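S.K.:
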Amino acid sequence: MQVPQDNFMTFVDRMSHALDQPVGARSATGTLRELVRSAADAVHVAQVQAEAASLRLSVLAEAGRLLSGPLGWEEAVAAVAQLAVGGFADWCAVDFLDEHGALRRLTARHAHVERSPCTGCLEAFTPERVRPSAITEVVRTGCPLLVTGLGVPGARALAPEAGGGEAGGSFLVVPLAARHHTLGAMSFVRGPEREPFGEAERILTEDLASRVGLAIDHARLLRESRAAEAESRRHAARLRILVEVDRLLAQAGLELPAVLDVIAHKVSEVIGDGCVLQLIREEDSTLEPVALHHPEPEARWLLASTVHARRQRSGEGLHGGVVLGGHSVLLPDIDAEAARASEGLTEYVPYLERYGAQSLLVVPLRAQGRVVGTLGVVRDVAGGSRPYTEEDRLLLQSLGERAALAIVGARLYGAATEAVRLRDDFLSVAGHELKTPLCALRLQIQMLARLTRGEAAAPDVAERVAKAERASERLGVLVDELLDVGRISSGRLLLEREELDLAQLTREVLGRMSEAFSRSGSEVRFLTDGVPTGRWDRMRLEQVLVNLLSNAVKYGRGQPVEVRVEDGGAKGVRLVVKDHGIGIAPEDRVRIFERFERAVQDQRYQGLGLGLWITREIVDAHGGSIQVHGAPGEGSTFTVTLPRG
Ligand code: ADP
64 MQVPQDNFMT FVDRMSHALD QPVGARSATG TLRELVRSAA DAVHVAQVQA EAASLRLSVL
124 AEAGRLLSGP LGWEEAVAAV AQLAVGGFAD WCAVDFLDEH GALRRLTARH AHVERSPCTG
184 CLEAFTPERV RPSAITEVVR TGCPLLVTGL GVPGARALAP EAGGGEAGGS FLVVPLAARH
244 HTLGAMSFVR GPEREPFGEA ERILTEDLAS RVGLAIDHAR LLRESRAAEA ESRRHAARLR
304 ILVEVDRLLA QAGLELPAVL DVIAHKVSEV IGDGCVLQLI REEDSTLEPV ALHHPEPEAR
364 WLLASTVHAR RQRSGEGLHG GVVLGGHSVL LPDIDAEAAR ASEGLTEYVP YLERYGAQSL
424 LVVPLRAQGR VVGTLGVVRD VAGGSRPYTE EDRLLLQSLG ERAALAIVGA RLYGAATEAV
484 RLRDDFLSVA GHELKTPLCA LRLQIQMLAR LTRGEAAAPD VAERVAKAER ASERLGVLVD
544 ELLDVGRISS GRLLLEREEL DLAQLTREVL GRMSEAFSRS GSEVRFLTDG VPTGRWDRMR
604 LEQVLVNLLS NAVKYGRGQP VEVRVEDGGA KGVRLVVKDH GIGIAPEDRV RIFERFERAV
664 QDQRYQGLGL GLWITREIVD AHGGSIQVHG APGEGSTFTV TLPRG
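Numbering (our numbering), first residue to last: 64 to 708.
Next up, the structure:
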């Protein structure tokens, strides 16, 4: 055992001082007795200090073991407090600042519970930052504080935490700190029967507090990182669901029933259990259930009869309330009794009576700033499922936003398709109605033309009849185009293929159109090479040629027109019609192949905008392609490529 240096020096000083005294000035016995007493004192002090050091070491080692062991951090810190009261203190309390900055008591321990009338008040005490005390002072300053002579009114006022019932105790408060932040404080109390805390205890408790502070800090960091991890996992899961729903909605396309079905099934699957989608009817502003799903057939049936029990208007019932308020409603746990008592939920009573308490969540379907319906889910709480949470509400809202957009898109598409269908129906009927009288008219005009050619009629009669013949021909073409709209739209464009020479066919059509070309002033140059043959539909290819050539006449400004039929080898046969007329702007080159699309405003150029659409449909039906090149003012070149069939 080592004698501490300062005590040893005092002992040596006193001994040499005694030996320096002249013999006879003092009795030798007295001097020796004094020396022995001093030596005994020094040994005692050394023993006490050694014991304190060993206690300190063992307390710190045990505290380290507890704090790094398997206990949760609160339990470990409480065990450390217990360790302190088992050794150098009678009371020990640990207080920490919570996430709101309020001091919370984690634990308070007493060595002799039965002897302390104040243990109860110590345990119950929750120190507040606003009420000044030794603990709040230490938390504020981050410096330790020692109060001795407890029981003296001033000390009591400073340290009410210690109870202050016993006179003469001492109170030591040290900060819990980590990463330059004070996280709380650790307080120790020694009763009056024990020596007050001294420097050694201050060092020990500060050491202890720094370990506890680190443990609390670690626990917090761990908790925060786990929370962040859980949050990011939840985000990822939510994102996955949304991406999946987007994918399914994209697959469902623009057909409203398919879109509604996807929404009801997917929402039922990911948020469960039952899902009800209601849309506001334009006619009477009531909510109409349009899609519903529940994995259990019986529950599905009962849910359907629940939502069909009464058509809700805005403001009526659960769904009507969501429409009016525009806010989601979350009823985490509702049973039949509660539903009976609540006016807006009575239709749910049979369902709740059959299946017990349920969790209900309804969100508005909002698109383009207005509520178009509601999306509701119901989950079987009585059956053991957890009630809906805010997390579910957020997810359902996101799904609702996507659902609303998809529904509005599908509705618009449905309305547009319906309008197009009505138009096509009308055109088809009109075409058929016009066809018969037009045929009769054309026959009469043709007869008239023959008569005027044979007899000497008035000079301008033949010319007028010829004009009427041409006009009736044009009318015939228009009526045929109208009839083709119906045929092609309903998929009735059937090809009758036969072996054809495209060069030969082009020559024939050019021959029939020679008058039109010469009237327009356009000179035609026809070039061909190879053997441009294949199996195609004669009538339909004639239509392609007539459409392209009559456009070259119409839009060619009387400039020369070049027609080429080329053998494209493995690619098939190519037909090129090139004019030097008004040309086509790049932005119009795609849309002119659509129905009723035209790129000219000028009244001189008459037409329905159907010729190129019909041409493209015929070429497509043959498995070929059509393209246009050229620039405004420089003419256009249409190229048709046809496989040989
Ligand atoms: P229509 O000629 O009856 O308008 P088409 O479907 O045949 O209908 O043509 C669609 C549009 O394409 C025309 O309105 C015109 O704007 C443009 N177009 C077609 N052929 C030519 C061409 N050879 N030169 C310039 N524009 C053309």
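Positions of the beta carbon are idealized from the N, C-alpha and C atoms, including for glycine.
This structure is a prediction, so every number in the text was calculated from the model and none was measured.
1) Is V640 closer than 9 Å to E629 when the C-beta atoms are compared?
2) Specify, as a first and last residue, the run of the beta strand (DSSP E) that L381 falls within.
3) Quick check on G226: buried or exposed, where buried means 16 or more other Cβ atoms within 10 Å of its Cβ?
4) The ligand ADP heavy atoms versus the CB of E586: any closer than 8 Å?
5) Since L387 and S377 should fall inside the 8 Å C-beta cutoff, what is the C-beta to C-beta distance between them, to a whole number of angstroms?
6) Secondary structure at V471, three-state DSSP: helix, strand or coil?
7) Can D642 be considered in contact with the ligand ADP, in the sense that its beta carbon sits closer than 8 Å to one or more heavy atoms?
8) Should E292 go down as buried or exposed, given a rule of 16 or more other Cβ atoms within 10 Å for buried?
9) A321 to S552, Cα distance in whole Å?
10) At what residue ranges does the segment 622-705 contain a whole run of the alpha helix (DSSP H), taking only runs of 4 or more?
11) Roughly how many angstroms lie between the CA atoms of T499 and A469, to the nearest whole one?
12) Would you mind sorting V99 into buried or exposed? The rule is 16 or more other CB atoms within 10 Å of its CB.
13) What does the Cβ neighbour count give for V306, buried or exposed, with the cut at 16 atoms within 10 Å?
14) Is V215 helix, strand or coil when you go by DSSP?
15) Could you please give the first and the last residue of the uninterrupted beta strand (DSSP E) stretch that includes G93?
16) In chain order, which continuous runs of the beta strand (DSSP E) of length 3 or greater are located wholly inside the segment 393-454?
17) Would you say the beta carbon of F701 comes nearer than 8 Å to a heavy atom of the ligand ADP?
18) Nearest to R303 by CA position, among S461, E453, L355 and S491, is which residue?
19) Give the C-beta separation of F656 and R679 to the nearest angstrom, bearing in mind that I take them to be a contact with Cβ-Cβ under 8 Å.
20) Is the Cβ-Cβ distance between R601 and L568 less than 9 Å?
21) List the whole-angstrom C-beta distance separating A399 from E416, where the pair is believed to meet the contact cut-off of C-beta under 8 Å.
22) Considering only the alpha carbon of each residue, which of L514, R575, T170 and G584 lies closest to V528?
23) Using C-beta distances below 8 Å, list every residue in its chain close to G205, excluding the 5 sequence neighbours before and after it, in chain order.
24) Assuming L545 and G494 form a contact by the criterion Cβ under 8 Å, report the distance between their Cβ atoms to the nearest whole angstrom.
25) Quick one: does the C-beta of R661 sit closer than 8 Å to a heavy atom of the ligand ADP?
26) Counting C-beta neighbours from all protein chains within 10 Å, is the total for H173 16 or more, i.e. buried, or is it exposed?
27) Who are H356's beta bridge partners in DSSP?
28) Could you tell me the alpha carbon to alpha carbon distance between V210 and L284, rounded to whole angstroms?
29) Report the three-state DSSP secondary structure of G228 (helix, strand or coil).
30) For A367, which residues of its own chain have a beta-carbon under 8 Å away from its beta-carbon, when the five flanking residues on both sides are left out?
31) Starting from the N-terminal side, write out each stretch of the alpha helix (DSSP H) that is 4 residues or longer and does not extend beyond the segment 514-578.
32) Less than 8 Å separating the Cβ of A362 from some heavy atom of the ligand ADP?
33) Sorted by chain position, which residues of the same chain lie with C-beta nearer than 7 Å to A218's C-beta, five sequence neighbours on each side aside?
34) Suppose only complete runs of 3+ residues qualify. What are the beta strand (DSSP E) ranges in the segment 226-310, listed by chain order?
35) Would you call the CB atoms of F234 and S250 closer than 9 Å?
36) Please report the distance separating the alpha-carbon of A126 from that of R296.
M.R.: Per the coordinate set shown:
1) no
2) Unbroken run through L381 is the alpha helix (DSSP H), G380 to G388; no beta strand (DSSP E).
3) The pLDDT assigned to G226 is 48, lower than 50, so where the model puts this residue is not dependable, and the model offers no usable value.
4) no
5) 5 Å
6) helix
7) yes
8) exposed
9) 22 Å
10) 674-684
11) 45 Å
12) exposed
13) exposed
14) Residue placement at V215 cannot be trusted, given a pLDDT of 46 that sits under 50; the coordinates are not used to answer.
15) Run containing G93: none in the beta strand (DSSP E); it sits in the alpha helix (DSSP H), A91 to L130.
16) 421-430 and 433-443
17) yes
18) S461
19) 5 Å
20) yes
21) 5 Å
22) L514
23) P238, A240 and T245
24) 4 Å
25) yes
26) buried
27) C338
28) 33 Å
29) Low confidence applies to G228: its pLDDT is 47, below 50, so where it sits in the model is not reliable enough to give any reading.
30) P352 and L355
31) 522-552 and 565-575
32) no
33) Note that A218 scores 46 on pLDDT, short of 50, meaning its location in the model is unreliable; the coordinates nonetheless yield the value given after this. V210 and G212, listed in sequence order.
34) 233-241 and 244-253
35) yes
36) 35 Å
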